[in-house]
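Participant: Line by line, the protein sequences give chains A and B. When you line the first sequence up against numbering that gives the first Met the number 0, it's residues 0 to 190, in that order. When you line the second sequence up against numbering that gives the first Met the number 0, it's residues 0 to 568, in that order. Right, I'll just put the structure down here and ask away after.
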Amino acid sequence: MRDSLASDTVVIGVGNTILSDDGVGVHAARKLQADPRVPAGVTILDGGTLGLELLPYAADASRLLLLDAVNTGEAPGTLTRMTASDVLATSAGQSVHQLGVADLIAALALVATRPQEIVVLGVQPANTDWGASLSPEVDAALPHVVNAALAQLRLWKESREANLGTDPPSLLPRQSSEHQPLSKPCEKESL
Amino acid sequence: MARIVVDPVTRIEGHLRIEAEVNGGLITDAWSSGTMFRGIELILRGRDPREAWIWTQRICGVCTMVHALASVNAVEDALGIEVPDNARLIRNIIAATQTIQDHVIHFYHLHALDWVDVVSALKADPAKTSQLAQSISDWPKSSATYFKGVQDHVSALVASKQLSLFGAGYWGHPAYHLPPEANLMAVAHYLEALHFQREFIRIHAVLGGKNPHLQTFLVGGMATSLDPNEPGATVNPERIDFLLEVAKSAQAIVSQLYIPDVLAVAAFYRDWFERGEGLGNFMSYGAYPQGSIKDPANFFLPRGIILNRDLSQVHPVNPENITEYVAHSWYEYLEGNPTAKHPYEGETNPKYTGPKPPYEHLEVDQKYSWLKAPRYQDKAMEVGPLARLLVAYASGQQEVKALVDSTLAKLKAPPTALFSTLGRIAARALETQLLANQLAGWIEELGNNLATGNLAVHNGQNWDPKSWPDTARGFGFFEAPRGSLGHWVEIENQAIKNYQAVVPSTWNAGPRDAHGQRGAYEAALLKTPVADPERPLELLRTIHSFDPCLACAVHVVDVRGRTHARVEA
Numbered sequence: 000m001r002d003s004l005a006s007d008t009v010v011i012g013v014g015n016t017i018l019s020d021d022g023v024g025v026h027a028a029r030k031l032q033a034d035p036r037v038p039a040g041v042t043i044l045d046g047g048t049l050g051l052e053l054l055p056y057a058a059d060a061s062r063l064l065l066l067d068a069v070n071t072g073e074a075p076g077t078l079t080r081m082t083a084s085d086v087l088a089t090s091a092g093q094s095v096h097q098l099g100v101a102d103l104i105a106a107l108a109l110v111a112t113r114p115q116e117i118v119v120l121g122v123q124p125a126n127t128d129w130g131a132s133l134s135p136e137v138d139a140a141l142p143h144v145v146n147a148a149l150a151q152l153r154l155w156k157e158s159r160e161a162n163l164g165t166d167p168p169s170l171l172p173r174q175s176s177e178h179q180p181l182s183k184p185c186e187k188e189s190l
Numbered sequence: 000m001a002r003i004v005v006d007p008v009t010r011i012e013g014h015l016r017i018e019a020e021v022n023g024g025l026i027t028d029a030w031s032s033g034t035m036f037r038g039i040e041l042i043l044r045g046r047d048p049r050e051a052w053i054w055t056q057r058i059c060g061v062c063t064m065v066h067a068l069a070s071v072n073a074v075e076d077a078l079g080i081e082v083p084d085n086a087r088l089i090r091n092i093i094a095a096t097q098t099i100q101d102h103v104i105h106f107y108h109l110h111a112l113d114w115v116d117v118v119s120a121l122k123a124d125p126a127k128t129s130q131l132a133q134s135i136s137d138w139p140k141s142s143a144t145y146f147k148g149v150q151d152h153v154s155a156l157v158a159s160k161q162l163s164l165f166g167a168g169y170w171g172h173p174a175y176h177l178p179p180e181a182n183l184m185a186v187a188h189y190l191e192a193l194h195f196q197r198e199f200i201r202i203h204a205v206l207g208g209k210n211p212h213l214q215t216f217l218v219g220g221m222a223t224s225l226d227p228n229e230p231g232a233t234v235n236p237e238r239i240d241f242l243l244e245v246a247k248s249a250q251a252i253v254s255q256l257y258i259p260d261v262l263a264v265a266a267f268y269r270d271w272f273e274r275g276e277g278l279g280n281f282m283s284y285g286a287y288p289q290g291s292i293k294d295p296a297n298f299f300l301p302r303g304i305i306l307n308r309d310l311s312q313v314h315p316v317n318p319e320n321i322t323e324y325v326a327h328s329w330y331e332y333l334e335g336n337p338t339a340k341h342p343y344e345g346e347t348n349p350k351y352t353g354p355k356p357p358y359e360h361l362e363v364d365q366k367y368s369w370l371k372a373p374r375y376q377d378k379a380m381e382v383g384p385l386a387r388l389l390v391a392y393a394s395g396q397q398e399v400k401a402l403v404d405s406t407l408a409k410l411k412a413p414p415t416a417l418f419s420t421l422g423r424i425a426a427r428a429l430e431t432q433l434l435a436n437q438l439a440g441w442i443e444e445l446g447n448n449l450a451t452g453n454l455a456v457h458n459g460q461n462w463d464p465k466s467w468p469d470t471a472r473g474f475g476f477f478e479a480p481r482g483s484l485g486h487w488v489e490i491e492n493q494a495i496k497n498y499q500a501v502v503p504s505t506w507n508a509g510p511r512d513a514h515g516q517r518g519a520y521e522a523a524l525l526k527t528p529v530a531d532p533e534r535p536l537e538l539l540r541t542i543h544s545f546d547p548c549l550a551c552a553v554h555v556v557d558v559r560g561r562t563h564a565r566v567e568a
């Protein structure tokens, strides 16, 4: 029973599916779970709003892809790609009030069983009020998230096969930027 | 007089703001403001009550399963369904696992750094640290080489400027009193606890499916297969052995690390047995049925209320006496501010009337929080591990009484010392010990049922909506890691008509009510000393001792104004 909870490459969608766009990462993970293009042997999980509790699912992976809502202040639906060090750089200087993705990444640095490559794909939310569905802008961005995740997974698979190093973000598919700007990207943050 | 504002309070789950008035180095008044806006009923209205738990487990970012459990309890109460013994046991095992996990994370990863100075640990002598560790515990990892390794690891983190989890501390604050060796020992155990919790939560993976969110709750029981002869069954003899092994690892880490560490830290901070005492009213709904859930008298942790720190009397809990005020909360009741409403009649009409951000101070005479103010018979209550332990102690629960008395003897402290910031920390540790012991017992009971052919795990009676009355209502109580959790459901024409949840942190972190009575955090902060208003470490100690959780809020990673790579055309 000491089997690992996950495989070498793990995708975790995080966010709260009852807070509208906050759940975009989980929605994307669910789409990936049903997508035949996902390379074999990849574990895809709905991480909900768990933080440190995801450690057992992530600590044995050598490649970890996190999908989440990320507040960049850009137009809703804008897709962002970050590495682990990008996320840590954003959280170390300012107070971490959510024990979320940043803390998971920080804890992984302390307990992971091997060196890990961690990528976060984030989507700018339009609306994080109570509600079980995505805003039109973020819903429209969902296929781009799925494609970007697939591109990342393919890259990892290829680099594994070729035993190569890292992957430049420019290889990711481009998305259209036809989104309306939003005056207050995340209203609750400011209350 | 100075007004200090801590916003957000760090190292908690969720978003909390505290404003406090400081006079002559002591807090003379305090206001707690939570930014959680609760509105689960907006999502649940019209849905099938049998699937409510799937939605409610998304309310909280951390203890997802407690909302699933409270929800199935509420719906079972409304529909008059009793669950089989195996379902009761599996629920107890899952819930105790969650609480043990949460308490260990709280002490080591959220709270210890209020007492432990990570930077001071770098100055420790590993050999002396080894002597210290061996003098308080027989935990095997205690050599000088081991502590040297931990020290090097932390040095490297500090040098890399990626302090990560250690980034938000007031290192060097005069209120830190531990010698460097105790600091190094605690930092080492911080890492041990991270490794432990990684392994421990596998109990949930076994009983709940290989998914961070448990998939196996079911109105009427559990969707868990029990079969003594089937290797593919969720519960079979091999799995029982595995669960027992994990439970024993929890007993070991609690008795060899958690409890000795709490006692060691407490010895250097004895003044904190006299600080942070708070309301003096404590409530527990009771948890972990040993028989029918309808009879709280059989619960492992009893139901009851203690008033005015009087441990000679335990008052009953009558669910009818629970109400919520919005006099200082950003909501409107149709009948106006002074009214209090029972959750069955609960309304959630948000109306923000606070200052426009960015602002300096909240309008604390008016409304100042997104949390409502729950009250029991118009009294504010503290909930959580200390409340549970005190109710059990005063009820004469034998295991609790023995453990509390022996611990107080070791600390050379009277029972009144429990009404304090350190009392909350000690109570949480002792509860973890009690539950870790009990966990193995429940797993063995499950194993016995399996061996004797008692395999029922779901009661299908009243599963079919055609068997339901036109209207029904029920409540589900549970003691979540952070305290009393209640879900109230009203069913009409086979669908949810209204749903309300009153969560532990609303009891503890809620604002004043219509009578101006403070909530639990607000009361506990009174008379807390603050040496340096710019770095209010002492305030955080008392607030963190409650294990604040307001993670029912958004989860967005905020990187505004920071370096990030954009992917776009």
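All C-beta atoms in this analysis are idealised placements derived from N, C-alpha and C, irrespective of residue type, glycine included.
Is there a C-beta anywhere in chain B that falls below 8 angstroms from the one on A/T165?
Facilitator: Here A/T165 scores only 48 on pLDDT, less than 50, and its place in the model should not be relied on; the value that follows carries that caveat. Not one chain B Cβ lies under 8 angstroms of A/T165.
Participant: Terminal residues of the continuous alpha helix (DSSP H) containing B/S248?
Facilitator: 236-252
Participant: Using a C-beta to C-beta distance shorter than 9 angstroms, which residues of chain A count as neighbours of B/T576?
Facilitator: An answer regarding residue 576 of chain B cannot be provided, because it is not within the stretch 0 to 568 covered by chain B.
Participant: Report the partner residues of B/G473 according to the DSSP bridge assignment.
Facilitator: B/V488
Participant: Taking the DSSP output, what are the residues bridged to B/I3?
Facilitator: B/A19
Participant: If contacts are defined as beta-carbon pairs under 8 angstroms, then B/L445 and B/L88 qualify, I think. What distance do you get, rounded to the angstrom?
Facilitator: 5 angstroms
Participant: Under 7 angstroms Cβ-Cβ, which residues of chain A neighbour B/L454?
Facilitator: The premise fails here: B/L454 is roughly 21 angstroms from chain A at the closest Cβ pair, so nothing lies under 7 angstroms.
Participant: On the criterion of 16 or more Cβ atoms from any shown chain inside 10 Å, does B/M0 qualify as buried, or is it exposed?
Facilitator: exposed
Participant: Distance, Cα to Cα, B/Q196 vs B/Q100?
Facilitator: The straight-line gap from Cα to Cα measures roughly 6 angstroms.
Participant: Anything in the region 186-215 of chain B with a Cβ closer than 8 angstroms to a Cβ of chain A? List those residues in chain order, please.
Facilitator: L190, L193, H194, Q196, R197, E198, I200, R201, A204, V205, K209, N210, P211, H212
Participant: Is the CB of A/V9 under 8 angstroms away from at least one CB in chain B?
Facilitator: no
Participant: Give the residues of chain A in contact with B/H108, contact being defined as C-beta atoms less than 9 angstroms apart.
Facilitator: L51, L98, D102, A106
Participant: Starting from B/M282, follow its DSSP beta bridges and name the residues at the other end.
Facilitator: For B/M282, which the question treats as bridged, DSSP gives the partners B/I304.
Participant: For the pair the region 192-207 of chain B and the region 52-72 of chain A, tell me if three or more CB-CB distances fall below 8 angstroms.
Facilitator: yes
Participant: Cutting at 8 angstroms between CB atoms, please list the residues of its own chain near B/A246, excluding the five before and the five after it.
Facilitator: I202, A435, L438, A439, I442
Participant: Can you tell me whether A/A161 is helix, strand or coil according to DSSP?
Facilitator: Per DSSP, reduced to three states, the secondary structure at A/A161 is helical.
Participant: For A/L18, which beta-bridge partners are listed by DSSP?
Facilitator: A/G130
Participant: Counting contacts by CB-CB distance shorter than 8 angstroms, is B/W441 in contact with chain A?
Facilitator: no
Participant: Within the same chain, show all residues whose beta-carbon is closer than 6 angstroms to that of B/Q250, passing over the 5 residues directly before and after it, in chain order.
Facilitator: A435
Participant: Is it buried or exposed, B/L539, if we count other Cβ atoms within 10 angstroms and call 16 or more buried?
Facilitator: buried
Participant: What residues from chain A crowd round B/W54, counting only those whose CB sits closer than 7 angstroms?
Facilitator: I17
Participant: Using a cut-off of 8 angstroms between C-beta atoms, extract the partners of A/V110 located in chain C.
Facilitator: Chain labels in this structure do not include chain C; the protein chains are A and B.
Participant: Going by C-alpha to C-alpha distance, which of B/A265, B/A379, B/L484 sits closest to B/N307?
Facilitator: B/A379
Participant: Please list, in chain order, all residues of the same chain as B/A222 whose beta carbon is under 6 angstroms from its beta carbon, the five residues on each side excluded.
Facilitator: T215
Participant: At what residues does the alpha helix (DSSP H) containing B/A120 begin and finish?
Facilitator: 117-120
Participant: Out of A/G22, A/A39, A/G50, state which residue places its alpha-carbon closest to the alpha-carbon of B/P211.
Facilitator: A/G50
Participant: Would you please state the rounded distance, in angstroms, between the beta carbons of B/L121 and B/V157? I believe it to be under 8 angstroms.
Facilitator: 7 angstroms
Participant: Any C-beta of chain B within less than 9 angstroms: which residues of the region 130-150 of chain A qualify?
Facilitator: G130, A131, H143, A147
Participant: Shorter than 8 angstroms from the beta carbon of B/R302 to some beta carbon of chain A?
Facilitator: Chain A places no beta carbon closer than 8 angstroms to that of B/R302, leaving this residue out of the contacts.
Participant: At what residue ranges does the region 20-86 of chain B contain a whole run of the alpha helix (DSSP H), taking only runs of 4 or more?
Facilitator: 39-43, 51-55, 63-78
Participant: Label B/L333 either buried or exposed according to how many other C-beta atoms from any shown protein chain fall within 10 Å of its C-beta, with 16 as the threshold for buried.
Facilitator: exposed
Participant: So the candidates are A/S19, A/T42, A/Q123; which of them puts its Cα closest to the Cα of A/R28?
Facilitator: Note on identity: in this sequence residue 28 of chain A is Ala, with Arg being the wrong assignment. Nearest of A/S19, A/T42, A/Q123 to A/A28, Cα basis: A/T42.
Participant: Given a cut-off of 8 angstroms on the beta-carbon distance, is the pair A/K30 and A/V145 in contact?
Facilitator: yes
Participant: At a cut of 8 angstroms, does the region 467-483 of chain B reach the region 364-384 of chain B through at least three beta carbon pairs?
Facilitator: yes
Participant: In whole angstroms, what is the alpha-carbon distance linking B/A386 and B/L78?
Facilitator: 30 angstroms
Participant: Between A/T77 and A/Q123, is the Cβ-Cβ spacing less than 8 angstroms?
Facilitator: yes
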